[in-house]
Amino acid sequence: MIRLFETHRIRQQRELDGMWEFRMDGFEREYRLPVPGCWEQHPDFLQHRGKGTYTKKIFITQAGNVRLAFQGVSHTADVFFDGEKIAHHYNAFTPFSAIVGNVAAGEHEIKVEVDNTFGMHSALHIPNDYYTYGGITRPVALERVPDVYLKRIEFTPRLEKGRWYARTEVFLCNLSAGEKATAVRTELAGVKAVQEVRIPPKTEAAVTFEQAFDGVAPWSHTKPHLYLLNAVLSVDGDEVDDLIERVGFRTVEVRGTKIYLNGEPVYLKGFNRHEDYAVDGCAVSLQHMVQDMDLMQDMHANAVRTCHYPNDDRFLDLCDERGVMVWEENHARGLLLADMQNPNFEGQCEDCIREMIEQHYNHPSIVIWGILNECASETDEGRRMYQKQYAQIKSMDLSRPTTSATCRHFTDKCLDLPDVASFNLYSGWYIDCPIKERSDQEMDWMIKSGAQNKPILVSEFGAAAIYGYRDRSRCKWSEERQADVIRENLEVYLFDDRITGVFVWQFADCRVTEEGEWFATRARCHNNKGVVDEYRRPKMAYDTVKELFANHRNGE
Ligand code: ADA
Numbered sequence: 027m028i029r030l031f032e033t034h035r036i037r038q039q040r041e042l043d044g045m046w047e048f049r050m051d052g053f054e055r056e057y058r059l060p061v062p063g064c065w066e067q068h069p070d071f072l073q074h075r076g077k078g079t080y081t082k083k084i085f086i087t088q089a090g091n092v093r094l095a096f097q098g099v100s101h102t103a104d105v106f107f108d109g110e111k112i113a114h115h116y117n118a119f120t121p122f123s124a125i126v127g128n129v130a131a132g133e134h135e136i137k138v139e140v141d142n143t144f145g146m147h148s149a150l151h152i153p154n155d156y157y158t159y160g161g162i163t164r165p166v167a168l169e170r171v172p173d174v175y176l177k178r179i180e181f182t183p184r185l186e187k188g189r190w191y192a193r194t195e196v197f198l199c200n201l202s203a204g205e206k207a208t209a210v211r212t213e214l215a216g217v218k219a220v221q222e223v224r225i226p227p228k229t230e231a232a233v234t235f236e237q238a239f240d241g242v243a244p245w246s247h248t249k250p251h252l253y254l255l256n257a258v259l260s261v262d263g264d265e266v267d268d269l270i271e272r273v274g275f276r277t278v279e280v281r282g283t284k285i286y287l288n289g290e291p292v293y294l295k296g297f298n299r300h301e302d303y304a305v306d307g308c309a310v311s312l313q314h315m316v317q318d319m320d321l322m323q324d325m326h327a328n329a330v331r332t333c334h335y336p337n338d339d340r341f342l343d344l345c346d347e348r349g350v351m352v353w354e355e356n357h358a359r360g361l362l363l364a365d366m367q368n369p370n371f372e373g374q375c376e377d378c379i380r381e382m383i384e385q386h387y388n389h390p391s392i393v394i395w396g397i398l399n400e401c402a403s404e405t406d407e408g409r410r411m412y413q414k415q416y417a418q419i420k421s422m423d424l425s426r427p428t429t430s431a432t433c434r435h436f437t438d439k440c441l442d443l444p445d446v447a448s449f450n451l452y453s454g455w456y457i458d459c460p461i462k463e464r465s466d467q468e469m470d471w472m473i474k475s476g477a478q479n480k481p482i483l484v485s486e487f488g489a490a491a492i493y494g495y496r497d498r499s500r501c502k503w504s505e506e507r508q509a510d511v512i513r514e515n516l517e518v519y520l521f522d523d524r525i526t527g528v529f530v531w532q533f534a535d536c537r538v539t540e541e542g543e544w545f546a547t548r549a550r551c552h553n554n555k556g557v558v559d560e561y562r563r564p565k566m567a568y569d570t571v572k573e574l575f576a577n578h579r580n581g582e
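Note that this note's numbering numbers the sequence shown so that position 145 is 171, with each residue one more than the last.
Here you go:
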């Protein structure tokens, strides 16, 4: 399943989830592996870094244009159709697609060469405090598209004098060699419209609808009302394609030191969540996504940060349905300037931001775009790159604020750039210091250094505990100590008026890479700061967060 709602009624689409043939470079035998899935789930590849090839035979019943849509391949994919290369894509966490024109009816072969190796070719997937898995890790769909098809939709709602309006942009593509006369019809919340457009050969076009919507219920974290936006494309009078999006009427604004949703100030309280589950790896199943959502909401969270990369559309669909506000960020964690000076870095970040926003623009739950977690924001060269990435986001989406989580304490040079300032601080774990005093120091400095009159979020804080390790001494790594540290931090952050949100690091334990830096020193080669372990077994801190989040603003 690609999305939690049907995206087409006219377009023929089938999902290619299931068993694919597989071979791993350097291994003799052949395998059959599940897609979506990580190859690390197979006992031969438990922590294999290399190149593997997936193949699948498909049968096309009606000749025409075939579109293959990949929601995520970790971390680099080269896609071949009947032996011809049709796509290359870097980054496990953003979707991509490819179209093969005029495919004859009959049997065909899809081949995907997958690479999860580290090296200069990969500036974002590097040895890190999370694991880079290998495989076709998110769903794949095969579609039959006409010569002119609907590429995507951008829905931008706004509230003016108590009345809802929206700009709907429908992007379409003409694959043919001839100009096409088309009509795009939209329907949303009972409001219908149609526009005609002639598209020259081999080009793309967009049609824009500006409309008012009366009687619609807004989307909010307390009442997440959703609507299906249906676009239908006709060519020469025949309905040939369609695309359905699910949207919400909501606005996000920064005014002074607060974040406003539909004109009301909101406080974000939630978790950092890696896409990583004990037996799934990063190919987290829908069942496990739902379990994560149920557990976070049981702890009265109303927000989640997709640390440190764009997430699976299905998880974001769940956030839309449940009213969980999302800080989604591009793919980067803890890159030093030397890492950011990898010649591939800026291009790979630019691609990631573009794909993230184009794919996720319509999720009402996404309320903030983040970039470059704990990267080199203390350097002039780093600042240039932060500036460029914020500018790229603003060129694509003016409807959401921006932020970035810094750990460049007292040295950050980029705090004036984003709309919201955010900091990661591990008082009581990495640094033994009075929490209130240290967070005052942090914010006083941030406010003097660019973050004045901006909302401030605590994007990370927490402590580690080994699940099941209980110790009355409440020593480090015991569940007791983790619960104490989280309590002491929340008792400061939840009640500091200068802070407009907190994200516990982290929701669940996650696997880390053994190669490289100090991550190998992490017990079990996991980041053990989850309030649940990788099997979602709650530690004592689970009830601590539940108690403190529930008591904050009546758990709203
Ligand atoms: C950093 C980083 C997280 C994680 C955390 C930790 O703040 O942003 O990804 O590595 O530290 O557990 O130390």
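Glycine residues also receive a C-beta, built at the ideal position from the N, C-alpha and C atoms. Just so we're clear, the structure is a prediction, and the values are computed from it rather than from any experiment.
Item	Value
Beta-bridge pairing of H134 - partner residues as DSSP gives them	I84
The ligand ADA heavy atom lying under 8 Å from the CB of W353	no
Reference A402, options R426, T437 and I383, closest by Cα	T437
heavy atom of the ligand ADA below 8 Å from A546 C-beta	no
Close beta carbons around F341, own chain, < 6 Å, minus the five adjacent residues each side	M315
Backbone secondary structure at S430 - three-state DSSP	strand
Bridge partner(s) assigned by DSSP for D141	K77 and T102
Cβ contact check for the stretch 391-407 and the stretch 328-342: 3 or more pairs under 8 Å	yes
Buried or exposed by the 16-neighbour rule on C-beta atoms within 10 Å, applied to L287	buried
Straight-line Cα distance separating P291 from M566	31 Å
Under the three-state DSSP convention, the category F487 falls into	coil
Which of helix, strand or coil DSSP assigns to Q467	helix
Spatially closest choice to L516 from R500, E540, I461 and F107, by CA coordinates	I461
Nearest residue (CA-CA) to D458, options N337, E404 and E514	E514
Runs of beta strand (DSSP E) wholly within the stretch 179-239 (minimum 3 residues, chain order)	189-200, 206-214, 217-225 and 230-239
heavy atom of the ligand SAH below 8 Å from R75 C-beta	With respect to the ligand SAH, the structure shown offers nothing to examine, as its ligands consist of the ligand ADA.
Y387: CB within 8 Å of a non-hydrogen atom of the ligand ADA	no
Beta-carbon proximity list for V174, same chain, < 8 Å, skipping 5 on both sides	L198, C199, N200, L201, S202, K206, T208, I225, L259, V261, V266 and D267
Spatial distance of N128 from I84 (CA atoms)	15 Å
Extent of the continuous alpha helix (DSSP H) run through F436	No alpha helix (DSSP H) contains F436, which DSSP labels as neither H nor E.
Backbone secondary structure at E56 - three-state DSSP	coil
Whole-angstrom distance between L269 and F144, CA atom to CA atom	37 Å
H74 versus Y157: straight-line alpha-carbon distance, rounded	11 Å
Beta strand (DSSP E) runs wholly inside the stretch 387-422, at least 3 long, in chain order	392-396
A491 beta carbon less than 9 Å from that of T570	no
For D51 and T79, the rounded distance between their alpha carbons	8 Å
Residue from L252, Y561, F53 and Y416 whose Cα sits closest to the Cα of F71	F53
V557 to N154 span [Cα, whole Å]	20 Å
Beta carbon of F275 nearer than 9 Å to that of W190	yes
Distance CB(E169)-CB(R40) smaller than 9 Å	yes
Local conformation of Q508 per DSSP, three classes	helix
Cβ-heavy atom distance, C433 to the ligand ADA, below 8 Å	yes
Of the listed residues C345, M366 and A417, nearest to H386 (C-alpha basis)	C345
Extent of the continuous beta strand (DSSP E) run through F96	G90 to F96
Separation of F48 from T81, as counted between CA atoms	6 Å
Under 9 Å between C-beta atoms of L214 and Y253	yes
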